[in-house]
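These protein sequences, in sequence, are chains A and B.
Counted from 1, the first sequence has number 312 at position 212 by the working numbering; the numbering is strictly sequential.
Counted from 1, the second sequence has number 166 at position 66 by the working numbering; the numbering is strictly sequential.
Backbone N, C-alpha and C fix where the C-beta goes; we use that ideal spot for every residue, glycine too.
A short worksheet on the structure shown next.
There are 2 protein chains.
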Amino acid sequence: MRSLYHYWLCPFCRTVRLVLGEKMLECALIVERYWERRPEFIGVHPSGQVPLLVDVNGEIIAGNGAIADYLNRKYDSGTKLIGQDFQQMLEVRRLSDWFNQTFHSEVSYMMLYEKVMKRNLHEGVPDSSVIRRANANMDRHFAYITSLLEGRNYLAGTELSLADLVAAGHISCLDYISAISWSKHPVVKEWYAKVKSRPSFRPILDDHVPAVPPPSYYCDLDF
Amino acid sequence: MRSLYHYWLCPFCRTVRLVLGEKMLECALIVERYWERRPEFIGVHPSGQVPLLVDVNGEIIAGNGAIADYLNRKYDSGTKLIGQDFQQMLEVRRLSDWFNQTFHSEVSYMMLYEKVMKRNLHEGVPDSSVIRRANANMDRHFAYITSLLEGRNYLAGTELSLADLVAAGHISCLDYISAISWSKHPVVKEWYAKVKSRPSFRPILDDHVPAVPPPSYYCDLDF
C-alpha cells in the first residue's frame, strides 16, 4: 500500500495530498509529529521531513516538489498539472515557488508558527505583533493574486495546475486556523471555493486536528 | 544584452547569479529595491518580484525556479546542474526546496528581515529573540547538512548541482551579514569554502551593499 507521512497543518503536505487526489491515487495517511523526530520515522528517511511518500513499489521520496515531480513522471496519465507547454510550465513553476517561498515565509509560516507550532514545541504564546505583520503581508499578497485572477480561471491560466494545489495547501491551512478575513478578498474567495469543491479536497475538509478545532465554515463549500 | 533584476541580499537572486555563472552566460545586473515597486519595474513584470531575467531574445522569466528551469532547457550545453538521472534529479529537487522553503522561512528570511529588511522598510529595530530563534534553527539545520556531507562531496551527491547553488545563495547572504558562527560548523564550512572558490562565485564576493558592509572574511577564500 502507498503511504504518506504528513502533518495536518503543513501546507506542503496538503499540496501532496491534493496531487494524489487529482491523480486518483489511493494512499494511506500517517500523521507524523515530525518535530519529535521519532526514530522509526528517521529510519525511513534520515531528513526526518514531511511530506514523505512511500510508494507501492517501496520507493521513498521526500519533499513536496520531489514528490510532485515523481508522481507526474510515474503516473502521467490524466491530469498533468504542470502546464501544456513550456511557457505555461514556467508560469506554474513561478507561482508554485512564489507560494512555497515568499508567501510561506511572509505569511503561512509566521501564522502557523505563532498559532499552532509554538504550542506544539512549547515555545511560548502567540506574539500579536507577528500575527499583525503576517496579516498585512497576506493583504498585500492577496491583492496581487486578485489582479492575477481577474484575467484567469485558475492561477496559472485556464486550467487547474500544481500552482492552484500549492496555493490551496497554504490557504487551507490558514483557513483552518481562522486566519483569513474572506470578506476582504472576494476574488480569492471565489477561486478558493472552486478549488475547495473538487473531490480531491474532500479528505482535507474532513481533517480534525486534536485540540485545534476548525471554524464552522472551514468545510462549508458555500462559505 | 541579457539582464537580471536582483537585490544583493536576496538568496533567490544569488542562486540565479550562480547558475548564470556556472553556465558562463554574461548578464548585466540591475539592482532593484523591489519593495519600492518602481513603476518601470512593475511594467516589465506585474508581479514586481526578483529575480527577474530578461533574456537576449527579449523573453522575460520571473522567479528563481522558473529561471533555473528556463536556463537549463535553453542553455543545456555543459553543466546540467539537475542531476544525471531521475533519482538524482529528485534529490537535487528535494534539497533545493528544503533550502528555499524550510531553511528560508526558519533561518534566512528571519535573519535578513530582522537585520536588513526592517531598516529598508522602516519597520523598526531588530528583535533579538527572533535572531536567537533563527540561530537555534540554523544550528539544527546545519547539523543535518553536516550528516549529509559526511558521505558526499556536494549536497546532492558527487557532483555540484543546483542544490549547492541554492544553499550557497542562502548561506552567502547570511555570511554577508555575519550571521554564521563558522567555528561551530566545520563540515559545512569546508563545503562552503569549496563552492565559494568557484569562478561563478567571484561577482558575489565583490558585492558591497550600501550601508551594509560585509565582515572582513566575507570575500576571503581561506576564511
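What span of residues does the alpha helix (DSSP H) with Y276(B) cover, start to end? Unbroken alpha helix (DSSP H) run through Y276(B): L262 to Y276.
Residues near V154(A) in its chain [Cβ-Cβ closer than 6 Å; skip 5 each side]: Excluding positions up to five away in sequence, the list reads S103 and I160.
Output the distance between the C-alpha atoms of R298(B) and D275(A), rounded to the nearest integer angstrom. One C-alpha to the other measures close to 45 Å.
Can you round the beta-carbon distance between V119(B) and L265(B) to whole angstroms, since I take them to be within the 8 Å contact cut? Contact between V119(B) and L265(B) is confirmed by a C-beta separation of about 6 Å, below the 8 Å threshold.
8 Å Cβ cutoff met for Y134(B) and G148(B): Cβ atoms of Y134(B) and G148(B): closer than 8 Å.
Candidates W291(B), L212(B) and S283(B): which alpha carbon is nearest A267(B)'s? Minimum Cα distance to A267(B) is reached at W291(B).
Extent of the continuous alpha helix (DSSP H) to which A243(B) belongs: In the DSSP assignment, A243(B) falls within the unbroken alpha helix (DSSP H) covering S228 to L249.
Thinking just about the alpha-carbon of each residue, which of H222(A), M210(A), E223(A) and V216(A) is nearest to the one in R232(A)? Check the Cα spacing between R232(A) and each of H222(A), M210(A), E223(A) and V216(A): the tightest is with M210(A).
Should H270(A) and P139(A) be called a contact, given that it needs their Cβ atoms to be closer than 8 Å? Contact flag unset, no.
Restricting to Cα atoms, I'd like to know which of L109(A), G183(A) and Y105(A) is closest to H308(A). Nearest to H308(A) by C-alpha distance, out of L109(A), G183(A) and Y105(A), is L109(A).
At a CB distance below 9 Å, what residues from the region 129-153 of chain B approach chain A? Give them in sequence order. Against chain A - using a Cβ distance shorter than 9 Å - the residues of the region 129-153 of chain B are P146, S147, G148 and Q149.
Hey, does A243(A) have any beta-carbon neighbour from chain B nearer than 8 Å? Taking Cβ atoms only, chain B never reaches closer than 8 Å to A243(A), which makes this a no.
Have a look at C319(A) and D306(A) and give me their C-alpha separation to the nearest angstrom. Going from the Cα of C319(A) to the Cα of D306(A) covers about 7 Å.
Is H204(B) helix, strand or coil by DSSP? Here H204(B) sits in helix by DSSP.
Look at the alpha carbon of Y213(B) and the alpha carbon of M101(A), and state the distance between them as a whole number of angstroms. Annotation: Y213(B) to M101(A) spans about 44 Å, alpha carbon to alpha carbon.
Please determine, among S229(B), I142(B) and Y105(B), the residue with the shortest C-alpha to C-alpha distance to L129(B). Nearest option by C-alpha distance: Y105(B).
Over the uninterrupted alpha helix (DSSP H) stretch that includes A166(B), give me the two end residues. For A166(B), the uninterrupted alpha helix (DSSP H) run begins and ends at N164 to K174, by DSSP.
Can you confirm whether the region 189-198 of chain A touches the region 249-265 of chain A when touching is taken to mean that 3 or more C-beta pairs between the two stretches lie within less than 8 Å? Yes: at least three Cβ pairs fall under 8 Å.
Buried or exposed by the 16-neighbour rule on C-beta atoms within 10 Å, applied to K296(B): Buried is the call here.
Does I280(B) come out as helix, strand or coil in the three-state DSSP assignment? I280(B): coil per DSSP, three-state reduction.
Show which residues of chain B have a CB atom less than 8 Å away from the CB atom of G165(A). Within 8 Å Cβ-Cβ: R193, R194, S196 and D197.
Restricting to runs no shorter than 4 residues, where is the alpha helix (DSSP H) found entirely within the region 104-153 of chain B? The qualifying runs are 111-122 and 139-144.
Excluding the 5 residues preceding and the 5 following T246(B) in the sequence, name in chain order all residues of the same chain whose CB lies nearer than 8 Å to its CB. Within the same chain, H285, V287 and V288 come within 8 Å of T246(B) by CB-CB distance, once the 5 residues on both sides are set aside.
Are the Cβ atoms of A234(B) and V216(B) separated by less than 8 Å? No, the Cβ-Cβ distance between A234(B) and V216(B) is not below 8 Å.
Taking the alpha carbon of L255(A) as the point to measure from, which residue in I182(A), Y317(A) and K218(A) has its own alpha carbon closest? By alpha-carbon distance to L255(A), the top candidate from I182(A), Y317(A) and K218(A) is I182(A).
How about L255(A): is its C-beta nearer than 8 Å to some C-beta of chain B? Any Cβ of chain B closer than 8 Å to the Cβ of L255(A) would place that residue at the interface, and such an atom is absent.
When you compare only the Cα positions, how much space is there between V156(A) and G165(B)? For V156(A) and G165(B), the distance between alpha carbons rounds to 29 Å.
Pick helix, strand or coil for V225(A), following the three-state DSSP scheme. Coil.
At 4 residues or longer, and completely inside the region 280-321 of chain B: list those alpha helix (DSSP H) runs for me, N to C. DSSP runs (the alpha helix (DSSP H)) wholly in the region 280-321 of chain B: 286-296 and 302-305.
Counting contacts by CB-CB distance shorter than 8 Å, is Y105(B) in contact with chain A? With 8 Å as the cut-off, Y105(B) does not count as an interface residue toward chain A.
What residues in the region 199-215 of chain A bring their beta carbon closer than 7 Å to a beta carbon of chain E? You won't find chain E in this structure, because its protein chains are A and B.
To the nearest angstrom, report how far apart T115(B) and S177(B) are at their CA atoms. In a straight line, the C-alpha of T115(B) is about 19 Å away from that of S177(B).
According to a CB-to-CB cut-off of less than 8 Å, which residues of the region 156-189 of chain A neighbour chain B? Hits within the stretch, in order: I161, A162, G163, N164, G165, A166, D169, Y170, R173, F186 and M189.
Per the DSSP calculation, G257(B) is bridged to which residue(s)? Looking at the DSSP assignment, G257(B) forms a beta bridge with Y254(B).
Which residues in chain B have a C-beta closer than 8 Å to the C-beta of F112(A)? List them in chain order. At a C-beta separation below 8 Å, F112(A) has these neighbours in chain B: Q201.
What does a CB cutoff of less than 6 Å around A162(B) pick up in its chain, not counting 5 residues either side in sequence? The beta carbon of A162(B) lies closer than 6 Å to those of H145, S147, Q149 and L152 in the same chain, with the five residues before and after it left out.
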